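J.: Shown below is the structure under consideration.
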Amino acid sequence: MSNPTTSPARRFLIWGGATGWVGGLLEKLLISQCKDVHTTGVRMENQTEVQRVLDEIRPTHVINCAGKTGRPNVDWCEDHKLETIQANVIGTLILADECEKRGIHCTVMATGCKSKSRPTPTAFPTYLLPPPTCTPTPTHTPPRFQTGIYASEYTPDHSHLLTPPFRETDPANFSGSFYSYTKSRVEDLLRFYPKTLILRLRMPVSDDLHPRNFVTKITQYSHVVSIPNSNSILSDLLPLAIAMAEHAETGVVNFTNPGAISHNEVLGLYREIVDPGFKWENFTLEEQGKVVKTGRSNCELDTTKLVGIVKRYRAEGWEGAEVPEIRVAYRRCFERMREGLQSRGGAGA
113 MSNPTTSPAR RFLIWGGATG WVGGLLEKLL ISQCKDVHTT GVRMENQTEV QRVLDEIRPT
173 HVINCAGKTG RPNVDWCEDH KLETIQANVI GTLILADECE KRGIHCTVMA TGCKSKSRPT
233 PTAFPTYLLP PPTCTPTPTH TPPRFQTGIY ASEYTPDHSH LLTPPFRETD PANFSGSFYS
293 YTKSRVEDLL RFYPKTLILR LRMPVSDDLH PRNFVTKITQ YSHVVSIPNS NSILSDLLPL
353 AIAMAEHAET GVVNFTNPGA ISHNEVLGLY REIVDPGFKW ENFTLEEQGK VVKTGRSNCE
413 LDTTKLVGIV KRYRAEGWEG AEVPEIRVAY RRCFERMREG LQSRGGAGA
């Protein structure tokens, strides 16, 4: 393909690539493509250090894979709000701003977990309400950017979506977790940076059973809520992330495979292809709410924009450009996972 990806002058800097999961996968992919790639673990909220790293390495492209997601899950952010703000808001903005000043393209690996799927008005957690005053007021008005927003609707058994997928231009309507709240707020600001690309991942999946892999997580839960969601198969999408950075794409892009798939469908394919002896049990959203600190986002994202970009790249000559439908993508992913596990004597061997 004749395009900017062949330029030898391009230099990638992965923020969070030194120890991060997605950053590490991107580093390996860039190395396999014989690209000039560097990584750093410098904290983004340390502006002086950010400036130093950018000026020393002088990248043409920065890919931001850093931030706070919480360990073992986003419930951590509920008890560590300041650390979450510093990384997910202040740090992300500092890095994007310093890249903008230097004419560096910045790709942000963001999240699509900002939309919820209930046909009721958004319920506002306490951190969205004004602090109490000496003279308490009888009511509080939620922030204007959230007022009156309704979410998509599932069938009563949560097996099918009844409303269209969320587009990049739709406002965030999920504030059930502090993690999602910080991510949606910083995205609102990043949109104004002309050299920034925001890729919305959801429930990312790799070809192995890495601890951060969505599949690894749900196979280790004692009970699973089964609701259709958009998912991101990283082996399909990370090559596109690199190409999009090299093409200087900007703005927000829903970065998932087309379609939505339920947890039961995912686990069914996992049992069929990877581990025939695997078993799981379901429970309800109400039962889940008793064992987690904060709500979980469930939604489907519209991938029309991403598919259009892929078609454009194919027209330019990149024959390998593809973003398969989620069920096709999962089947291919699990076949690769099975081969990897069998070579090491693991599940399904």
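According to the numbering used here, numbering within the sequence shown proceeds without interruption in unit steps and concludes at 461. Where is the CB? At the ideal position from N, CA and C, for every residue including glycine. Just so you know, these numbers come straight off a predicted model, no measurement behind them.
(1) Any idea which residues DSSP pairs Asn394 with across the strands?
(2) Start and end of the beta strand (DSSP E) containing Trp188?
(3) Can you check DSSP and say which residues form a bridge with Ala222?
(4) Is the CB-CB distance between Arg312 and Phe390 below 8 Å?
(5) Please name the residue in His359, Ile345, Arg426, Ile385 whose C-alpha comes closest to that of Glu447.
(6) With distances taken from CA atoms, which of Ser409, Cys211, Val336, Val327 is nearest Tyr291?
(7) Pair every Cβ in the segment 363-378 with every Cβ in the segment 334-347, then say whether three or more of these pairs are closer than 8 Å.
(8) First and last residue of the alpha helix (DSSP H) that includes Asn376?
(9) Confirm, please, whether the CB-CB distance from Ala441 to Ile354 is below 8 Å.
(10) In this structure, does DSSP put Arg123 in helix, strand or coil?
(11) State the CB to CB distance for the pair Gly371 and Ile438, rounded to an integer number of angstroms; the pair is presumed to be in contact (CB under 8 Å).
(12) Have a look at Thr267 and Arg426 and give me their C-alpha separation to the nearest angstrom.
(13) If we ignore side chains and look at the alpha-carbon of each, how far apart do Glu428 and Thr275 end up?
(14) Is Phe304 buried or exposed, if buried means 16 or more other CB atoms sit within 10 Å of its CB?
(15) Going by the CB atoms, is the gap between Arg122 and Lys147 shorter than 8 Å?
(16) Could you tell me whether the Cβ atoms of Lys162 and Glu195 are closer together than 8 Å?
(17) Just how far apart, CA to CA, sit Val134 and Leu166?
(18) Please list, in chain order, all residues of the same chain as Thr396 whose beta carbon is under 8 Å from its beta carbon, the five residues on each side excluded.
(19) Quick one: give me the first and last residue of the alpha helix (DSSP H) that Ile143 is part of.
(20) Find the nearest neighbour of Arg155 within the set Gly132, Ala199, Trp188, Ile169, judged by alpha-carbon distance.
(21) Compare the C-alpha of Thr151 against each of Gln159, Val174, Thr160 and name the closest.
(22) Secondary structure at Gly420, three-state DSSP: helix, strand or coil?
(23) Ordered along the chain, which non-local residues of its own chain (more than five positions away) have a Cβ less than 7 Å from that of Leu301?
(24) Check for me: the alpha helix (DSSP H) holding Val165 runs from which residue to which?
(25) Assuming the contact rule is C-beta atoms closer than 8 Å, Val220 and Thr308 should be a hit. Round their C-beta distance to whole Å, please.
(26) What is the residue span of the alpha helix (DSSP H) that Thr204 lies within?
(27) Alpha carbon to alpha carbon, how far is Glu157 from Leu125?
(28) May I ask you to list the residues that DSSP assigns as paired with Thr152?
T.: Working from what's here:
(1) Val336
(2) Counting along the chain, Trp188 falls outside any beta strand (DSSP E), though it belongs to the alpha helix (DSSP H) covering 187-190.
(3) Arg312
(4) In this structure, Phe390 does not lie closer than 8 Å to Arg312 by Cβ.
(5) Ile385
(6) Ser409
(7) yes
(8) 375-385
(9) no
(10) strand
(11) 4 Å
(12) 37 Å
(13) 34 Å
(14) exposed
(15) yes
(16) According to the sequence provided, residue 162 is Val. The question's Lys does not apply to it. No, these two residues do not count as a Cβ contact at 8 Å.
(17) 21 Å
(18) Val337
(19) 133-144 is the span of the alpha helix (DSSP H), which, as asked, contains Ile143.
(20) Closest option to Arg155, Cα to Cα, is Ala199.
(21) The residue with the shortest Cα to Cα distance from Thr151 is Val174.
(22) helix
(23) Leu205
(24) 159-169
(25) Yes, Val220 and Thr308 are in contact; Cβ-Cβ is about 6 Å, under 8 Å.
(26) Segment 204-213, the alpha helix (DSSP H) holding Thr204.
(27) 17 Å
(28) Trp127
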